[in-house]
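J.: Residue numbers (my numbering): -15 to 71.
Heads up, the beta-carbon is just placed ideally off N, CA and C, and yes, glycines get one too.
This one's a predicted model, so the numbers in the text were calculated from it and none came from an experiment.
Pasting in a structure now, in structure tokens, and then I'll have a few things to ask.
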Amino acid sequence: MFVVFTYDVKAIRVSKMKKICRKYLFHIQNSVFEGMITESKLNMLKSEVEKVIDKKTDSVCIYKIESIKYTSKEMIGKIKVYENIID
């Protein structure tokens, strides 16, 4: 499945979140990641994230797209080059 993963966390946790997300997805913008991922890897990502965030103050949104057949992406402005996924 294709996933768009976003987060809004306190500054102290940003670098940890970025490091976790880079293991699984491509870094698109400051707190936005996207890419193809299996259900099991998504569960691993969520498990790691839940250990880092404070559920009272931080938020995470995961948009799952089962088929990208009818989707498109339009970007305006500076286009970031995908960063490598860390395995």
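Using the rule of at least 16 other Cβ atoms within 10 Å of the residue's Cβ for burial, across every protein chain shown, is isoleucine 12 buried or exposed?
T.: buried
J.: Return the residue from the list Ile21, Leu9, Ile(-4), Arg6 that minimises the CA-CA distance to glutamate 50.
T.: Ile21
J.: Applying the 10 Å Cβ sphere with the 16-neighbour rule, what's the burial state of isoleucine 60?
T.: exposed
J.: Apart from the five residues just before and just after methionine -3, which ones in its own chain have a Cβ nearer than 8 Å to its Cβ?
T.: In the sequence on display, residue -3 carries arginine and not methionine. Answer for arginine -3: Val36, Ile37, Asp38, Asp42, listed in chain order.
J.: Count the other CB atoms within 10 Å of the CB of glutamate 58; is the residue buried (16 or more) or exposed (fewer)?
T.: exposed
J.: If you compare alpha carbons, which of Lys64, Val44, Tyr54 is closest to valine -12?
T.: Val44
J.: Assign methionine 1 to buried or exposed, taking buried as 16 or more other Cβ atoms, counted over all protein chains shown, within 10 Å of its Cβ.
T.: buried
J.: To the nearest angstrom, how far is it from the Cα of tyrosine 8 to the Cα of threonine 55?
T.: 21 Å
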